[in-house]
Amino acid sequence: MKPGIEEIEFHGIPALRLIGPQGSSAVVSRLGAQVLSWITPDGRERLYLSPRAVFDGSVAIRGGIPVCFPQFSDRGELPKHGFVRTREWQVSARRSGDDYALVTFETGDDETTRALWPHAFRLELTLMIEADRIDLELCVVNTGAREFEFTAALHTYLRTIQVEDVALEGLHGHDYRDAANGGKVVRETGTELLVEAETDRVYRQVRRPQMLRAGNLSLGIQQQGFPDVVVWNPWVEKCAALADMPADGWRHMLCVEAAAADTAQQLAAGDEWYGRQTLVAV
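Taking our numbering, the leading residue of the sequence shown gets 140, the next gets one more, and so forth.
Encoded structure:
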């Protein structure tokens with residue numbers, strides 16, 4: 140099938156399906172401009188989407204690649220991870236060629252957002268799919284008359300068969316803030332990260348790519364613009380406390396997020412900021 144883009148319903152909500160080359164595909168919803176599926180040419184789903192995810196907009200959809208803005212996690216007075224995950228975004232561009240399909244979603248400030256966060260902004264999220272890779276680029280534009288600061292992330296849920304069997308490489312030598320250990324700052328000394336308990340880390344100023352090694356489902360992960368890498372798995376007890384996750388959901392996912400989490404980004408009036416994450420099946 141030739142690459143292209145089609146309008147679909149996905150779990151009852153409006154979405155776009157990007158059909159890439161060699162049988163690859165991706166689904167992104169208008170709600171939150173959230174990527175909910177990425178299937179590589181081998182027919183494998185590479186993103187984790189909780190079977191208990193809620194799609195009515197009352198809460199963020201659990202899984203895929205949520206967009207966190209203008210606040211990462213609970214680091215501030217806004218709702219956790221900001222307010223754009225439950226907003227309807229507009230499609231501002233779509234195109235495809237022989238070897239790719241691309242779509243751009245857009246949202247901005249209104250009375251509801253300004254009541255929470257008194258700044259004028261525009262966000263654009265561009266998703267491009269090729270045969271064995273997807274690229275996501277988040278653009279933040281300060282459309283107001285004064286500087287603002289923000290934190291943000293592409294909160295990527297990667298699907299695993301068993302998270303205990305995967306290893307994440309590329310973070311050796313970086314400091315990380317360990318939220319599962321009282322916020323203690325630790326230097327990563329291992330050549331690979333194994334998930335053997337609750338994991339909630341913000342690795343700072345990461346400039347090297349990562350490799351998620353998982354047998355024949357390995358993924359290369361690279362980012363630009365985002366200074367931090369967040370690695371998260373709730374493990375058994377915290378997963379059981381999440382109403383929109385099955386009890387064994389922790390076993391089948393690992394979040395490896397491109398983030399500006401530890402250092403707020405300053406954006407002057409009229410300026411733009413870009414952050415990108417690329418996932419490649421290897």
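Idealized CB from N, CA, C, for every residue including glycine.
Note that the structure is predicted; figures quoted are calculated from it, not measured.
A291 is not a Cβ neighbour of T265, given a cutoff of 9 Å.
With contacts defined by Cβ atoms closer than 9 Å, A420 and L332 do not form a contacting pair. The way I'd put it, the segment 312-329 doesn't touch the segment 293-301; fewer than three beta-carbon pairs between them come closer than 8 Å. DSSP places K219 in no beta strand (DSSP E); its state is neither H nor E. In the structure shown, K377 falls within a helical segment according to DSSP collapsed to helix, strand and coil.
For the pair A379 and Q210, the Cα-to-Cα distance works out to about 25 Å.
Between S163 and T179, the CB-CB gap stays under 9 Å.
In this structure, V280 and R261 form a Cβ contact; the two beta carbons are roughly 4 Å apart against a cut-off of 8 Å. Shown here, Q210 sits in coil according to DSSP, grouped into three states, outside any helix or strand. G388 sits in a helix when the DSSP states are folded into three classes.
Rounded to the nearest whole angstrom, the C-alpha separation of G171 and D314 is 31 Å. In the structure shown, Q161 falls within a helical segment according to DSSP collapsed to helix, strand and coil. Excluding the 5 residues flanking it on each side, R272 has same chain C-beta neighbours closer than 8 Å at T417, L418, V419, A420, in chain order. In the three-state scheme derived from DSSP, where H, G and I count as helix and E and B as strand, G321 is classed as coil.
In this structure, the alpha-carbon of M392 lies about 9 Å from that of L188. Taking the Cβ atoms as the reference, A408 lies roughly 6 Å from R285, within the contact range of under 8 Å.
Cβ neighbours of T330 within its own chain (closer than 7 Å, five residues either side excluded): E308, H311. M384 and A336 have their C-alpha atoms some 17 Å from each other. Boundaries of the alpha helix (DSSP H) harbouring T251: 250-255, taken from the DSSP string.
Judged by their CB atoms, D401 and V305 are not nearer to each other than the 9 Å cut-off. When the alpha-carbon of L241 is set against those of P366, P142, D213, E288, the nearest one is in P142. Per DSSP, reduced to three states, the secondary structure at D237 is coil, with no helix or strand assignment. Scanning the segment 300-350 for uninterrupted alpha helix (DSSP H) segments of 4 residues or longer gives nothing; none is fully contained.
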